[in-house]
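What follows is a single structure, written as structure tokens, with notes after it.
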Amino acid sequence: MKNRKIYGVVVLYNPNISETINNINSYVSELDKLYIIDNSEKENYTRLENYITINKNIEYTWLGENKGIAKALNVGKNKAINEEADYFLTIDQDSSFKNNFREMINWLINNELLLEKVAIISPIHNLKEKNIKTKNKLEEKEIVMTSGNILNLNLIKNIGDFNEDFFIDEVDHEFCYRIREKGYKILCLNDIELNHKLGNLKNYKFFSVTNHNYIRRYYITRNRLYMIKRFPELKKKYIIKNFSDFFKIILFEKNKIKKIKYFFKGIDDFYKNKKGKLVEGV
1 MKNRKIYGVV
11 VLYNPNISET
21 INNINSYVSE
31 LDKLYIIDNS
41 EKENYTRLEN
51 YITINKNIEY
61 TWLGENKGIA
71 KALNVGKNKA
81 INEEADYFLT
91 IDQDSSFKNN
101 FREMINWLIN
111 NELLLEKVAI
121 ISPIHNLKEK
131 NIKTKNKLEE
141 KEIVMTSGNI
151 LNLNLIKNIG
161 DFNEDFFIDE
171 VDHEFCYRIR
181 EKGYKILCLN
191 DIELNHKLGN
201 LKNYKFFSVT
211 NHNYIRRYYI
221 TRNRLYMIKR
231 FPELKKKYII
241 KNFSDFFKII
251 LFEKNKIKKI
261 KYFFKGIDDF
271 YKNKKGKLVE
281 GV
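For what it's worth, our numbering labels the leading residue of the sequence shown as 1, then goes sequentially.
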């Protein structure tokens, strides 16, 4: 993989700057360029200026407001394509590699001939921050979370952009299903570990509860219905997910009334064909 250009994007939203910098340090040195795309309500350049000055391969862009994860990913991805990058890391501000991002790059270098039909290389997502034991080093996946993935831009050009109509939730899954529609593969390297914080996740013996806020609950519910419309084969899976989440809200979560209200607003807005960012009061 000689002379291949590896770029990346980290998406910010009202970040804890010191934690974000620590996370970026786990991968930035391995990239030819890192785009910081900032979705925050206020610009964070001055808080990052010294760090960006030291790391010459970082380019900062503030979008002026929260335009959604899909928009931020597209801005970074399309910049990388315009600069003729070959591979592209997508990562969240709360994610960091467990001292092994170099190994992920080495795998690309040593296996590039195997990647003709591989659109995404993913790490294993360590949500509980403890050791994860896996049987197979390499595993094909149906879907993966966005954070920590390396996109093969030669193939991603044929997929198009991340779906900005979704704004946030299901953006990653919708993109993965389009990838598979094209006949491309998604591979997970199970010995590459990404530490990733998933909101207020609480684990019980047989299930987990995410405790997403009411706005996220709106997007999750609405966008799952758009997923069913776009991919009818997912109907049973996503209906079960929505019913399951509804009962978890009632039984285990806080702020139940508001979350239930926005759960049903998500359903209502789907039938009204509303997409993109939630505008409250409309």
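Glycine residues also receive a C-beta, built at the ideal position from the N, C-alpha and C atoms.
Are the beta-carbon atoms of residue i and residue j separated by less than 8 Å?
i    : j    : result
Q93  : V10  : yes
E91  : V144 : Rather than Glu, the amino acid found at residue 91 in this sequence is Ile. Not in contact: I91 and V144 (Cβ atoms no closer than 8 Å).
W107 : L189 : yes
E164 : G266 : no
D172 : R216 : no
K117 : Y184 : yes
List the whole-angstrom C-beta distance separating residue i from residue j, where the pair is believed to meet the contact cut-off of C-beta under 8 Å.
i    : j    : result
F263 : I249 : 7 Å
H196 : S147 : 6 Å
I179 : M104 : At roughly 19 Å, the Cβ-Cβ gap does not stay under 8 Å, so I179 and M104 are not in contact.
L153 : F88  : 5 Å
Y51  : I6   : Actually they do not touch by this definition, with Cβ atoms about 20 Å apart.
K193 : N100 : As written in the sequence, residue 193 is Glu, which differs from the Lys given in the question. Going by Cβ atoms, the distance from E193 to N100 rounds to 7 Å, so yes, they are a contact pair.
A72  : L63  : 7 Å
Apply the 10 Å Cβ neighbour rule to residue i and answer buried if 16 or more other Cβ atoms are within range, or exposed otherwise.
i    : result
S96  : buried
I58  : buried
N333 : Since the first residue shown for the chain is 1 and the last is 282, residue 333 is missing from the structure and cannot be characterised.
D268 : exposed
K205 : Reliability fails at K205, whose pLDDT of 47 lies under 50, so the model's placement of it is uncertain and the value that follows must be treated cautiously. Per the 10 Å Cβ criterion, exposed.
Y219 : buried
K261 : exposed
L113 : exposed
E43  : exposed
F247 : exposed
N255 : exposed
T221 : buried
Y35  : buried
Specify whether the segment 115 to 125 and the segment 28 to 47 touch according to this definition: at least 3 beta carbon pairs, one from each stretch, less than 8 Å apart. no
Extract the residue ranges of the alpha helix (DSSP H) inside the segment 51 to 135, only unbroken runs of 4 or more that lie entirely within it. 69 to 82 and 101 to 111
Pick out the complete alpha helix (DSSP H) segments inside the segment 138 to 162, 4 residues or longer, and give them in chain order. Qualifying alpha helix (DSSP H) stretches, in chain order: 153 to 156.
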